[in-house]
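First the structure, in the form of structure tokens, and then the observations on it.
Following this line, the structure appears as structure tokens:
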């Protein structure tokens, strides 16, 4: 209940505010219209004149006017927009005196063009009187200054020739005579209401359409409602061309088709906008009416241009019925969703329907010819309604964007948590894989190295031909292999010097027992090798161990130099002895040398041996600064 009461309060506030605004605008318009009559007490209002139809244009008032029948002004020549067109003469007399001066003639409306004669002399001209030279002054209030010396004392005769198109609006309004300043003030007020305000309302709506077109052109939105709304704005400008254009660029028949067809197209597009906006089902009867309306009027306009204005009046009745249905449809649509924008749209349509009824009455001659076409002023209401519609749409998009951002942020946080959990899980799996791989490597190394030596030593001990020295050598070899595995597991963090230092400590006793001195040389700026993990560290140690094992067994050296040097793109490990050497050309590479090359390849390192008989042996191992980028000396 509380939510319903809140909605009713919002709805009441909307209609109260919109009604108050409409009342204020109507009051302002009514006050402005009330100023369109001369205020001077000596102003003369002409409400009767003699009327005569002429077969062709005449340069002077015809004599038949003197006996022509008297008609009341304002006078409509056409009857429900039915008239043969042509030339019509109005004539009346007025008295001029010092107490009742006449300086100008004020004509609020004539249709289509006209000429004013004073005492048989032409004193005013409003557009060509030949239909081949089209000009349209039907919506322009006119004033004629009679000038000094033209008005004579006593009785004067005013004759007005009016040119009208067939089956079109035609007639003459009330005529005012009086002082020029007073009449011009009234004419200026009527021009502002009848012409200037239409320019402004059209500019407002066209401006809104341009903004919409720019937004659509920028690709911000492809919403069909906005596309139709932009089309309605531009068609509003087309329908107002008939009120605003004095010198159209096309012949009368073509111009009528354009303006009246634009009016019907505007009505059709406006109804289509409402149908799409309110999501009306395609099988609804209104859609059938809309299709018949939209498809038939272009055909009828093409058949007979003279019927165009009358056709608009006939279609106007159908349009008003559909507009009335649209008002209640918009209200129901807004109530169903508890949205104010459809109700604001409905209020604008209600105002448009009300003023359109008054205009239709004026068009067919029910209202006085002195009146105004009022639905032109609905452009301001349409502008306000569209502004509200756009603001509501924009605020809705902002709300949707905020909701989407919140949802997206929540989903991102959930996804981040899931990814973090997956990362932790994968990290644990990777660590477990590393541990298993390292375990398998250690097991393989111990099996192939220390394990093989221990098995061989056990077989040697169990053999009848037990050789103590050989068994001791096997045990020592297994011990050294175990020490190498232990050294490779030390956390050296890529420090080659520390790794080789541990090896130096291990090999020192064996060298001393063999009478070989060790010279240790290390450059100060030896960089860290980040790829020296336990596996690669063991490769380096086994290479160096194999070299020193060969020195101990075969070189008969008395001194060995181990140098760690910094190269441009590598770190070099140089081992050189002063032993007996050997002939590289005639030497047969054994399994040990093949193992050295294999381990060097695993490190991406370059290995070289240089030896000559009697000159000792020089071994070079160049380790790359980055794994996988071997550098050759």
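Numbering (our numbering), first residue to last: 132 to 764. All C-beta atoms in this analysis are idealised placements derived from N, C-alpha and C, irrespective of residue type, glycine included. Computed from a predicted model, the values in this text were never measured in an experiment.
Query, Result
"Cβ shell of residue 651 (< 7 Å), same chain only, five flanking positions each side left out", "635, 693"
"DSSP three-state assignment for residue 692, whether helix, strand or coil", "strand"
"Counted within 10 angstroms of its Cβ, other Cβ atoms place residue 355 as buried (16 or more) or exposed", "exposed"
"Buried versus exposed, by CB contacts within 10 Å (16 or more), residue 401", "buried"
"Candidates 734, 241, 739: closest to residue 724 by CA position", "739"
"Cβ-Cβ separation, residue 244 to residue 325 (assumed contact under 8 Å), whole Å", "With 8 Å as the limit, residue 325 and residue 244 do not qualify as a contact, their Cβ atoms being about 17 Å apart."
"Beta strand (DSSP E) runs contained entirely in the region 630-670, provided each spans 3 or more residues", "648-653"
"Sheet register partners of residue 737 (DSSP bridge)", "753"
"Assigned secondary structure, residue 398 (DSSP; H/G/I helix, E/B strand, else coil)", "helix"
"Contact under 8 Å by Cβ, residue 446 with residue 428", "yes"
"Pairwise C-alpha distance: residue 275 and residue 290", "13 Å"
"Contact set for residue 412: own chain, Cβ-Cβ below 6 Å, skip 5 residues either direction", "none"
"Neighbourhood of residue 258 by C-beta distance below 6 Å, restricted to the same chain and skipping five residues each side", "244, 266, 268"
"Bridge partners - residue 224, DSSP secondary structure assignment", "288"
"Spatial distance of residue 328 from residue 539 (CA atoms)", "49 Å"
"Rounded C-alpha distance that separates residue 578 from residue 666", "Any reading at residue 578 must be qualified, since the residue scores a pLDDT of 47, below 50, and its modelled position is unreliable; the value itself is stated next. Each residue's alpha carbon lies about 15 Å from the other."
"Same chain only: Cβ atoms within 6 Å of residue 671, ignoring 5 sequence neighbours per side", "none"
"Under the three-state DSSP convention, the category residue 295 falls into", "strand"
"Classification of residue 415 by the beta-carbon crowding that lies within 10 angstroms, buried from 16 upward", "exposed"
"Cross-strand partners of residue 274 (DSSP beta bridge)", "237"
"Rounded distance between the beta-carbons of residue 361 and residue 344, thought under 8 Å", "5 Å"
"Residue 266 in three-state terms, based on DSSP", "coil"
"The region 297-304 touching the region 494-506, judged by at least three CB pairs closer than 8 Å", "yes"
"Start-end ranges of the alpha helix (DSSP H) lying completely within the region 423-501, minimum 4 residues", "439-468, 471-494"
"Contact set for residue 641: own chain, Cβ-Cβ below 7 Å, skip 5 residues either direction", "683"
"Span of the alpha helix (DSSP H) around residue 330", "328-348"
"Stretch pair the region 293-301 + the region 204-213: three plus CB contacts closer than 8 Å", "yes"
"6 Å Cβ shell around residue 703 - same chain, five flanking residues per side excluded", "696, 753"
"Which residues DSSP lists as bridging residue 255, in chain order", "247"
"Contact the region 212-223 vs the region 176-191: 3+ CB pairs below 8 Å", "yes"
"Where residue 708 sits in the DSSP three-state scheme", "strand"
"Candidates 625, 376, 440, 202: closest to residue 494 by CA position", "440"
"Exposed unless 16 or more other CB atoms sit within 10 angstroms - verdict on residue 422", "exposed"
"Cβ-based neighbour list, residue 147, same chain, cut-off 8 Å, excluding 5 preceding and 5 following", "none"
"Helix, strand or coil at residue 312 according to DSSP, with G and I counted as helix", "helix"
"Residue 701 versus 533, 152, 734, residue with shortest Cα-Cα distance", "734"
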